[in-house]
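Engineer: Chains as they are written, first to last, in my numbering: chain A, 2 to 245; chain B, 29 to 287.
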C-alpha cells in the first residue's frame, strides 16, 4: 500500500511576508530602514497541512476564496517552496493550471507547440512524435502556420488544452480548466479528462463547483483559512461543506 | 550536482527553443533581417573612426579594426547583461504558472546575445580583410577571450537578474553604471594615453579591458597574451560565475514572492 502514494504533503506551512506593503525598490527599502518600519507582517497561507494521494485517486480541494487552494497546487507542482514541511511527488506531473501560459503571440501555432512542450520538459524527438495528435485534437490543421496573436481566444485555449493533455501524465493537476471553447469542444475536453481520470492517472482537482467535485472525486480535502478543516470520502465532506 | 546536470539536460531543448524564438521574433519583421547584426557594427565603426581618428592621432595601428573589435565585444556585454537583468522579472507570468529551472531565463538572454555577437564578428572579420591586417597564427586563439567573457557575463547576469527581482530600480542604476563602464574601457582611445594617471590602473585591470585587450592582441597585433592577462581573464570569469550562481541559488526560492 505504502508504495502507491503518488503525492505526499507533510506538515506544509506557507508564510508570506509583507502582504500589506510590498517593497521592491532600493529607495523604499532605505526609507523604510531609516524610519525603522521595516517590519514584515507574516501571513499564513497554509498552516500545517498534510495529506497523501494514492495512485489512480482523484482528490478534490474545496474551500472559499483565499483558503489556500491555489497555493497548495503551486507547492505541489514545484512553483513555490513551502516555508516549512515538504511536498513530494513520485512520478511525472502535468500542471493544467493555466492553459497556454507559455505562448508567444509572435510565433506560429506550430512553433508554439514545440516551445510549450519544451517548457514542460519534453524533448524534441518526443514533441515530433506527438505533434500530429495535438494538432488534430485542437482542430487547428488550417491555422497551424498562423501567428498565435491572430488566433481567437477559443483557438488558443484549445491548443493549450491539447498540449497539456496529449501526454498521459502520472499526476495531473487541474485548477478549474476543465472546459474551454464552444460546447462541442467542451464535450471533447470532458471526455479527455474522464479518460485520464478513469485510467492510472492520479488527479488533484480544484473547483468551486461542488457538483463537479461530487461527480469526479474519490476523496476531498476541505481547506479553511489555510487549515485542513476536514478530509475524507467525497460525499461526507461535500455534505458538510454545503451545510456551512 | 548530478541532479543539476540532469535537469539542465532535460531543459536544454527549452533553452534552444527560447533562443530561436528570440532570433525569429527579432528578425521576422525587418527586411534586412540578420544583416542588421552585420551592418550595425560596421556603421558604428565608420562613425567612430571618422570622429576619433582625428582626435587620437597617437597612431594606433589599424585603428578602425581596433574600434570595431572593442565596440562589438562591448555591445555584447551591454546587451547581454541588460537583458539578463530583466530576464527573471520579464518571465514572471511563466514562473508563476509552471515549474521551470529559473536560471534558464538569464542564461537564454545571454546566449541569444552571444549568437548575435557571433554574427557581428563576421562583420569584424570582413574589416580585418579590408584593412589588410596580416594573418597570424595567434588569430586562431580568438575563442579564448570570448569564452572567458561569456562565463563572466553569465555570472554577472545571474547576479543582476536576482537583484532586479528584489529591487526593480536596479535597472536605472545599472544603465548609469554601464555608461561609466563604457568610458572606463579603452574602446575608442588607446589605453597608453592615460599612462601615469591613477585611473590608468583602474582601466587596465578592470575585467572588460582584460577581455578586449586579449582579443585585440591575438587578432590584430600578433601578440601572445601574457600569463598575467590569462590569469586575470579566467580569474574574473570564474569568480563572477561562482558568485553569480551562489547568489542566484540562495535567492531563487524567494523570487516567486516578489514577482
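By construction, the Cβ of each residue, glycine as well, lies at the ideal position given by its N, Cα and C atoms.
(1) Since I believe residue 14 (chain A) is in contact with residue 84 (chain A) (beta carbons under 8 Å), could you give me their beta-carbon distance rounded to a whole number of angstroms?
(2) Exposed or buried, what is residue 210 (chain A) when buried is set at 16 or more other beta-carbons lying within 10 Å of its beta-carbon?
(3) How would you label residue 49 (chain B), buried or exposed, when you count the other beta carbons within 10 angstroms and need 16 or more for buried?
(4) Taking 9 Å as the threshold (beta carbon to beta carbon), is residue 131 (chain B) in contact with chain A?
(5) So residue 17 (chain A) contacts chain B; which residues on that side make the cut at Cβ distance below 9 Å?
(6) Residue 238 (chain B) to residue 40 (chain B), Cα distance in whole Å?
(7) Can you give me, in chain order, the residues of the stretch 96-127 of chain B that have a beta carbon less than 8 Å from any beta carbon in chain A?
(8) Closest by CA to residue 28 (chain A), which one among B:212, B:196, B:107 and B:163?
(9) Return no unless some Cβ of chain B is closer than 9 Å to the Cβ of residue 21 (chain A).
(10) With a 10 Å radius around its C-beta and 16 neighbouring C-beta atoms as the bar for buried, classify residue 128 (chain B) as buried or exposed.
(11) Which residues in chain B have a C-beta closer than 7 Å to the C-beta of residue 28 (chain A)? List them in chain order.
(12) Over what stretch of residues does the alpha helix (DSSP H) that includes residue 51 (chain A) continue unbroken?
(13) Since residue 39 (chain B) meets chain A, which of its residues come closer than 7 Å, beta carbon to beta carbon?
(14) One question on the structure: do residue 224 (chain A) and residue 69 (chain A) come within less than 9 Å of each other, judged by their Cβ atoms?
(15) With a threshold of 16 other CB atoms inside 10 Å of the CB of residue 87 (chain B), please say whether the residue is buried or exposed.
(16) Would DSSP call residue 175 (chain A) helix, strand or coil?
(17) Of all the options A:137, A:218 and A:169, which has the alpha carbon lying nearest to the alpha carbon of residue 186 (chain A)?
(18) What are the complete alpha helix (DSSP H) segments, minimum 4 residues, inside the stretch 135-223 of chain B?
(19) Determine the DSSP secondary structure at residue 16 (chain A), reduced to helix, strand or coil.
(20) Run the CB neighbour count on residue 72 (chain A), radius 10 Å, all protein chains shown included, and call it buried at 16 or more, exposed below.
(21) Restricting to Cα atoms, I'd like to know which of A:94, A:155, A:112 and A:120 is closest to residue 103 (chain A).
(22) Under a three-way DSSP split, which group does residue 88 (chain A) fall into?
(23) Rounded to whole angstroms, what is the Cα-Cα separation between residue 139 (chain A) and residue 157 (chain A)?
(24) Counting only C-beta atoms, is residue 138 (chain A) closer than 9 Å to chain B at any point?
(25) Just the Cα atoms here: how many angstroms apart are residue 120 (chain B) and residue 105 (chain A)?
(26) Would you mind sorting residue 113 (chain A) into buried or exposed? The rule is 16 or more other CB atoms within 10 Å of its CB.
(27) Could you give the DSSP three-state label for residue 2 (chain A): helix, strand or coil?
(28) Does the structure place the stretch 195-210 of chain A close enough to the stretch 54-69 of chain A that three or more beta carbon pairs sit under 8 Å?
(29) Taking the alpha-carbon positions, what's the residue 116 (chain A) to residue 122 (chain A) distance?
Structural biologist: If we stick to the structure as given:
(1) Residue 84 (chain A) to residue 14 (chain A), Cβ: 5 Å. Contact.
(2) Residue 210 (chain A) is exposed by the Cβ-count criterion.
(3) Residue 49 (chain B) should be labelled buried.
(4) Not an interface residue.
(5) Residues of chain B passing the Cβ test: 285.
(6) Approximately 31 Å, taken between the alpha carbons.
(7) Residues 121, 122, 123, 124, 125, 126 and 127.
(8) Comparing alpha-carbon positions, the option among B:212, B:196, B:107 and B:163 lying closest to residue 28 (chain A) turns out to be B:196.
(9) Reliability of the predicted coordinates at residue 21 (chain A) is poor, the pLDDT of 48 falling under 50, and no value is obtained from them.
(10) Per the 10 Å Cβ criterion, buried.
(11) Those are 197, listed as they occur along chain B.
(12) First-last for residue 51 (chain A): 43-55, but that is the beta strand (DSSP E), not the alpha helix (DSSP H).
(13) 122, listed in chain order.
(14) Cβ atoms of residue 224 (chain A) and residue 69 (chain A): closer than 9 Å.
(15) Taking all protein chains shown into account, residue 87 (chain B) has fewer than 16 neighbouring C-beta atoms within 10 Å of its C-beta and is therefore exposed.
(16) Residue 175 (chain A): strand per DSSP, three-state reduction.
(17) Among A:137, A:218 and A:169, the Cα nearest to that of residue 186 (chain A) belongs to A:137.
(18) If we require 4 residues or more, the alpha helix (DSSP H) runs fully inside the stretch 135-223 of chain B come out as 171-194 and 198-211.
(19) In the structure shown, residue 16 (chain A) sits in a strand (DSSP, three-state: E or B).
(20) Its Cβ being crowded by 16 or more others within 10 Å, residue 72 (chain A) is buried.
(21) Ranking A:94, A:155, A:112 and A:120 by Cα distance to residue 103 (chain A) puts A:120 first.
(22) Residue 88 (chain A) carries a strand assignment under DSSP once its states are collapsed to helix, strand and coil.
(23) Answer to the nearest angstrom: the Cα atoms are 9 Å apart.
(24) No, residue 138 (chain A) does not count as interfacial toward chain B.
(25) Cα atoms of residue 120 (chain B) and residue 105 (chain A): separation of roughly 14 Å, rounded to the nearest angstrom.
(26) Residue environment for residue 113 (chain A): buried (at least 16 other C-beta atoms within 10 angstroms of its C-beta).
(27) Because the pLDDT at residue 2 (chain A) is just 43, under 50, the model does not fix this residue reliably, and the point stays unresolved.
(28) As far as the Cβ criterion goes, the stretch 54-69 of chain A touches the stretch 195-210 of chain A, which means the pair count is three or higher.
(29) For the pair residue 116 (chain A) and residue 122 (chain A), the Cα-to-Cα distance works out to about 10 Å.
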